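Per my numbering, the sequence shown starts with residue 954, numbered consecutively.
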Amino acid sequence: MTFLGIAFLLLALAAQFVLPRRFALLPLILGFTWMTRGQLVDLGFVNISITRIIIVSAIFRAWLRGEHLFNGPSHVDKWIYIWALVLLVTTPFHLPDTTVYRLGIIWDYVGVYFLFRLFVIKREDIELVFKILFIAFFPVALSMLYEQHTDDNVFRALGGVPLVSPHRTNGIRACGPFPHPILAGTAGAILVPMAAYFWKSARSWAVLGGLAGLGVVYASGSSGPMLMTAIGLACMVIWPLRGQVRIFQWAGVLLVFLLNLVMNDPVYFLLAKIDVAGGSMGWHRAQLIQSTLAAVSEWWLYGTDYTRHWMPTGIPASDRHTDITNHYIAMAVYGGIGLLIAFIGLLVSVFRGLGLAIQNESVDVKERFLAWTLGSILVAHSFNFLSIVLFDQSIISFLLVVGLAVGLCSKTLPMPDSNIELQKSIGRIGLQ
């Protein structure tokens, strides 16, 4: 760990124990946006990242202060438990050298999710998180735009990022503090719907967030984050048509069915035709889905440690695997059909809770719009998962949205006395 990393960690730990509850997420957010995966504490048998240390310190702080989940457990919590349990139970069936990595994934998912659940009490807390993200990402956006023009990554001194920024025929793809441009762009893409949320109520915050998010996405030069941004914004635009969501859902299902009828290849080969930024790996992503389905007997029970034969090419980091560029497939590889179902169940549970909140006419329209905003980001993430596997600090860009969504639905939205089912769904036990 460098001197800068040590200084940041000490300041973050000190701040963790003195900040008021509504600012308790600040150290984690800054660790997510400003520190690289190269800043590790070496314990000999394991290296622990700064964000994971902050997670432990935040949990310890909550224990010391008696801070707890405001409205008790929710059904999404149960899906997180199931997901973690499946990943843990399937670990003995994988090679021993993967154990530490798998435990680290559980640490990230469970820790980050529950911290955002723990420290989010009301709508204003979520808006504060949005604003902190805008401020934290703005210098990252500037640094990545600088990197894109000079190939000089200011975060390179911290380690954990490429020594030379990835290049394509149309230019440099900036990474910033992330190990890959796509991961950086994905993290930046979540800011754009957040900025749209403030467009009417706080224009200056909307501009700041929009510039930060779009700057990161543009500098990453990656098709996936660009499409993720477009999907998120498209969802925000149809807010006035929120009463017709069911129609949009069935129209999407019908479109997929019709395309599957008229296309020579399966519908997922549409991924092969998508190339927004130039040089996209669309064919690889489509063929990976086909290869995964063909090899279902190899992974369905508890996952697999060998996927190299699924595709023509491998990856430098491992001679056992091909390049897994799909988060859903990664779940299958890690823990079989059980882990994949648990992950999809987690997403469905969050969407269901947000849908109930949006439909509740007795709730203030601003809080319903906030629920729509979080849902828009999750929709964008769900599509983006077809082209990327989030890991290290980048997974926080997904888990923070899940935690905020559960916090909004289970803690802040008043329920009408006449709607008992809705009270059970959101007010008493949180998300269904």
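The beta carbon of each residue, even a glycine, is placed where N, CA and C say it ideally should be.
Owing to the predicted nature of the structure, the values given are computational and were not obtained by experimental measurement.
CA nearest to the CA of residue i, picked from the options
i: I1290; options: T1260, R1305, E1251; result: E1251
i: F1322; options: Y1150, L1180, Y1255, A977; result: Y1150
i: M1264; options: G1256, Y1255, H1274; result: H1274
i: F1304; options: D1276, V1359, L1194, L1022; result: V1359
i: T955; options: A1127, T1326, F1210, R1109; result: R1109
i: T1051; options: V999, G1174, L1111; result: V999
i: T1326; options: V1354, N1313, Q1312; result: V1354
i: I1294; options: F1344, A1037, W987; result: A1037
i: V1009; options: Y1034, V1198, Y1062, T1278; result: Y1062
i: G958; options: P1146, I1184, G984; result: G984
i: F1046; options: L1254, D1317, L1307; result: L1254
i: I1074; options: E1020, G1162, M1216, V1215; result: E1020
i: F976; options: M1284, I1085, I1033, M1189; result: I1085
i: T1266; options: S1244, S1157, K1031, F1091; result: S1244
i: F1090; options: D1105, I982, F1067; result: I982
i: R1018; options: I1001, V1229, Q969; result: Q969
Short Cβ contact (7 Å threshold) for residue i with residue j
i: G1356; j: R1070; result: yes
i: T989; j: G1113; result: yes
i: V1170; j: G1124; result: no
i: S1096; j: I1135; result: no
i: N1024; j: S1302; result: no
i: V1145; j: G1185; result: yes
i: V1065; j: I1349; result: yes
i: M1179; j: F1083; result: no
i: V1093; j: T986; result: yes
i: L1131; j: S1271; result: Going by the sequence as given, residue 1131 is Phe instead of Leu. For F1131 and S1271, no; Cβs fall outside 7 Å.
i: F1087; j: A1137; result: no
i: L1212; j: V1220; result: yes
i: N1279; j: L1241; result: yes
i: I1068; j: A1011; result: One point to set straight first is that residue 1068 is Leu, not Ile, in the sequence displayed. Taking 7 Å as the Cβ cut-off, L1068 and A1011 qualify as a contacting pair.
i: V1318; j: C1188; result: no
i: I1143; j: I1330; result: yes
i: L1300; j: A1324; result: no
Residues near residue i in its chain [Cβ-Cβ closer than 8 Å; skip 5 each side]
i: L1040; result: R1055, I1058, I1059, Y1287, G1288, L1292
i: I1297; result: Y1281
i: P973; result: none
i: I1006; result: L962, L966, V994
i: V1160; result: A1148
i: I1227; result: S1176, L1180, S1233, G1235
i: I1035; result: A1295, G1298
i: I1268; result: H1274, T1275, D1276
For residue i, the residue or residues it bridges with in DSSP
i: H1047; result: DSSP output for H1047 lists no bridge partner at all.
i: L993; result: S1002
i: R1199; result: Answer by DSSP bridge pairing: none, since R1199 is not bridged.
i: H1120; result: I1125
i: I1268; result: S1271
Environment of residue i [buried if 16+ CB atoms lie within 10 Å]
i: P1049; result: exposed
i: L1366; result: Model confidence at L1366 stands at a pLDDT of 48, short of 50, so the residue's coordinates are unreliable; what they give is reported in the following sentence. Buried, since its Cβ has 16 or more Cβ neighbours within 10 Å.
i: P1193; result: exposed
i: W1236; result: exposed
i: D1276; result: buried
i: H1102; result: exposed
i: E1077; result: exposed
i: A967; result: exposed
i: S1154; result: exposed
i: F1013; result: exposed
i: R1381; result: Its pLDDT being 41, under 50, R1381 is placed unreliably in this model, and the value from its coordinates should be taken loosely. It counts as exposed.
i: F1072; result: buried
i: A1386; result: This structure leaves residue 1386 out entirely; the chain is present only between 954 and 1385.
i: V1029; result: buried
i: F1210; result: exposed
i: V1316; result: buried
i: Q992; result: buried
i: P1026; result: exposed
i: G1196; result: exposed
i: I1379; result: Because I1379 carries a pLDDT of 38, less than 50, the predicted location of this residue cannot be relied on, and the following value inherits that uncertainty. Looking at its Cβ environment, which holds 16 or more other Cβ atoms inside 10 Å, I1379 is buried.
i: W1016; result: exposed
i: Y1262; result: Reading the sequence as shown, one finds His at residue 1262 and not Tyr. H1262 is exposed by the Cβ-count criterion.
i: A1247; result: exposed
i: F1201; result: exposed
Proximal residues to residue i (C-beta, below 6 Å), its chain only, five neighbours per side dropped
i: H1334; result: F1351
i: L962; result: I1003
i: F1222; result: A1239
i: A1172; result: M1097, L1098, Q1101, A1127
Cut-off 7 Å between Cβ atoms - residues of its own chain near residue i, not counting five sequence neighbours on either side
i: A1225; result: G1235, W1236, A1239
i: D1370; result: Legend: pLDDT at D1370 = 40, less than 50; position of this residue unreliable, no value from coordinates given.
i: Q1044; result: Contrary to the premise, residue 1044 reads as Thr rather than Gln in this sequence. Counting only Cβ-Cβ distances below 7 Å, and skipping sequence neighbours, we find T1052, R1055.
i: F1344; result: none
i: L1081; result: R975
i: S918; result: The chain is shown only over 954 to 1385; residue 918 falls outside these bounds and no answer can be derived.
i: T1257; result: E1251, V1286
Residue i CB to nearest heavy atom of the ligand FMN below 6 Å
i: P1049; result: With respect to the ligand FMN, the structure shown offers nothing to examine, as it has no ligands at all.
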